Amino acid sequence: MAKLQFLFLFNNQLTGTLPGTLPAGIRQLQVNNNTITGYIPQSYTTEKYPSATSILLRGNPQLRGCVPPSWKDSKNALYSSYTDLRDSNSTLTCEDCTTYDDLGCAGCATGLKLDTVTRQCVDCAVNLKPDGNGGCTPMVCSVVSCTKCVDDTEGQCGTCAETYKLDENKQCIPKVCGVTNCTTCVYNTEDQCETCDETYKLDENKQCIPKVCGVTNCDACVYNTEDQCETCSETYKVDENKQCIPKVCGVTNCTTCVYNTEDQCETCSETYKLNENKQCIPKVCGVTNCDACVYNTEDQCETCSETYKLDENKQCIPKVCDVTNCTTCVYNTEDQCETCDETYKLNENKQCIPKVCGVTNCYDLRVQHGGPVRDLQRDVQAGREQTMYPESLRCHELYDLRVQHGRPVRELRREPEV
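Heads up: the sequence shown begins at 37 in my numbering, then just goes up one per residue.
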């Protein structure tokens, strides 16, 4: 009698349970997509049925239990039946079973409990764990600084205590203030600063931004301030409130101070000049023999002292008596004579004019005897002067003759008396 090797019963409406034993020479059993109930016999092993290569069970929603452990060995022929169940997302593979008996799963992996009705490993209710006796006990969150673990876990925190946060492993680590340039964050935050470092301040988002010197015309504020200036811009200075006010030239009689100073003059007022300390001192007329210099000058005279006059360079030079034939001019004049030379006399304009002899025939004598002195001497020696010109030798014009001919008057006067 031939042995049964192939039993194909799939896609029928089979009910009931699977038989506890199979034909010894069975090679393929296909009962998938039926309504079989009960448990998967743990006797369906490759040791007991070495010819079996395929036992297909999927598609039986009421079938309970787990596949025999030997099916999970990839070296056994029924491994294909295990992968068929696994690939169909069936719950019959019982991946979480650790021990088996004839009814199926007898022990479950850690964290699962054995459902004694379905003979499958199932989870305890939320936040419960197997107690080792087939029951469940509350889970205890073991994460340090954790107030509540993730549901159904004891080592993964869901909510950390204040000032702590979750890391990538769901452990609680201290929150660290992560705001740049922040000294202290707002309690229990990492991204909101409460106190910024020096030279920084809080903005509306509780971030730290640099303090900016807000004093007008200030180059640098007092350290760690925004409203107190330490160094003002050029031409400004710090006042008692540490604000910047314009520098004011404080040099007396100064119109413009040296740039960015208050006590060093650059341009003095009229009639003043700079000294070596850049202060303004009065200009002093330095022209010799000058009573008053030209306005706002020191080296150009306007009015010279008495007996002095201005030259073309506005310097004072002595006045020189310029009247012809004048011995001495009137004080402090150059064109009015006070004393004329001999043989000259003053006229009404204080000029020197020749004296004119008042003796009769004196002028005629000079004219007639206008030749050399020797001619006159001969006339005198001949005695003519006594008869013709008795007073002629006392004539003033005779002095001119003496001057012209280089002979003293006294000698000429003595000759007629010989």
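Ideal placement from N, C-alpha and C gives every residue a C-beta, glycine not left out.
A quick note: this is a predicted structure, and the numbers were derived from the prediction, not measured.
Return the Cβ separation of residue i and residue j in integer angstroms, given the expectation that the two are a contact with Cβ distance under 8 Å.
i: Gln23; j: Val179; result: The structure shown has nothing for residue 23, since the chain only spans 37 to 454.
i: Gly101; j: Leu128; result: 7 Å
i: Leu92; j: Ser117; result: 6 Å
i: Glu226; j: Lys211; result: 5 Å
i: Cys254; j: Cys280; result: 5 Å
i: Thr81; j: Ala113; result: So it is not a contact: roughly 11 Å between Cβ atoms.
i: Asp188; j: Asp159; result: 7 Å
i: Glu334; j: Lys319; result: 5 Å
Closer than 7 Å by C-beta to residue i: which residues in its own chain qualify, once you throw out the five before and the five after it? Chain order, please.
i: Tyr85; result: Leu58 and Ile62
i: Lys386; result: Val366, Gln372 and Cys373
i: Ser181; result: Cys196, Ala197, Tyr200 and Cys208
i: Glu342; result: Asn368
i: Lys278; result: Val258, Gln264 and Cys265
i: Thr173; result: Leu164, Lys165 and Asp167
i: Thr324; result: Cys352
i: Trp107; result: Leu114, Tyr115, Ser117 and Tyr118
Going by the DSSP bridge assignment, what does residue i pair with across the sheet?
i: Ile353; result: Lys345
i: Tyr200; result: Pro210
i: Val158; result: Lys149
i: Arg100; result: Tyr75
i: Ile62; result: Paired residue(s): none; Ile62 is not in a bridge.
i: Val274; result: Cys280
i: Ala515; result: This structure does not reach residue 515, given that the chain is present from 37 up to 454, and the question cannot be answered.
Do residue i and residue j have their C-beta atoms within less than 9 Å of each other?
i: Glu370; j: Lys350; result: no
i: Ala256; j: Thr267; result: yes
i: Leu50; j: Asn70; result: yes
i: Tyr75; j: Leu121; result: no
i: Leu150; j: Leu99; result: no
i: Cys337; j: Cys329; result: yes
i: Cys239; j: Val251; result: For clarity, residue 239 is Asp in the given sequence; the question names Cys instead. Contact: no.
i: Gly143; j: Thr135; result: yes
i: Lys314; j: Glu298; result: no
i: Cys249; j: Thr231; result: no
i: Cys185; j: Gly171; result: no
i: Gln64; j: Gln78; result: no
Only counting the same chain, and skipping five residues up and downstream in sequence, which positions put a Cβ closer than 6 Å to that of residue i?
i: Arg420; result: Confidence is the limiting factor: at Arg420 the pLDDT is only 44, short of 50, which leaves the residue's position unreliable, though a coordinate-based value still follows. No residues qualify anywhere along the chain.
i: Asp347; result: Ile353
i: Val294; result: Gln300 and Glu302
Who are the Cβ neighbours of residue i in its own chain at under 8 Å, not counting the five residues just before and after it?
i: Thr339; result: Cys326, Asp327 and Ala328
Task: Contact between the region 282 to 291 and the region 302 to 310 (3+ Cβ pairs under 8 Å) - done: yes
**Asked** Per the contact definition of three or more C-beta pairs closer than 8 Å, is the region 237 to 248 in contact with the region 209 to 216?
**Response** yes
Exercise. Looking at C-beta atoms only, is the number of pairs between the region 103 to 110 and the region 121 to 140 that lie closer than 8 Å three or more?
Worked result: yes
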